[in-house]
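Enquirer: After the structure tokens below, expect a handful of questions from me.
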Amino acid sequence: MNCTVEQRNRARRVIQALGERSDVIGTDLISPAIDPSNSWTIEIALDSDGLPPEIASLLGEAELTIRDVGPRQSWWHCVVVVEP
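For the record, in the sequence shown the residue sitting at position 11 is 11 according to this note's numbering, with numbers rising by one throughout.
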């Protein structure tokens, strides 16, 4: 399996785990062909005040890089990159 497929599969596993959480409104997986970082990127919409520690731990355990966290209207937005 090549690196890109492994990264995509790792991102999908994280998205599946995030989908089980009540504080996650939604997720979006962005292909390296579209994302300017040329990496698999996950965008997460959160119904919380900031990034919950449990989600930060989940992302860290999956060895993902948090690029941005910030408020958006009535929810929070987090951008995570899957590094090779």
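Even for Gly, the Cβ is constructed at its ideal location relative to N, Cα and C. Predicted model, so just to flag it, every value in this text is computed and none were measured.
Between the Cα of residue 62 and the Cα atoms of 76, 75, 40, 14, which residue gives the shortest distance?
Expert: 14
Enquirer: How is the beta strand (DSSP E) around residue 26 delimited, first residue to last?
Expert: 24-30
Enquirer: In three-state DSSP terms, what is residue 11?
Expert: helix
Enquirer: Give the C-beta separation of residue 41 and residue 5 to the nearest angstrom, bearing in mind that I take them to be a contact with Cβ-Cβ under 8 Å.
Expert: With 8 Å as the limit, residue 41 and residue 5 do not qualify as a contact, their Cβ atoms being about 16 Å apart.
Enquirer: For residue 5 and chain D, any beta-carbon pair shorter than 8 Å?
Expert: The structure shown contains no chain D; it holds only a single protein chain.
Enquirer: Identify the residues that DSSP records as bridge partners of residue 36: which are they?
Expert: Note: residue 36 sits in no beta bridge, so no partner.
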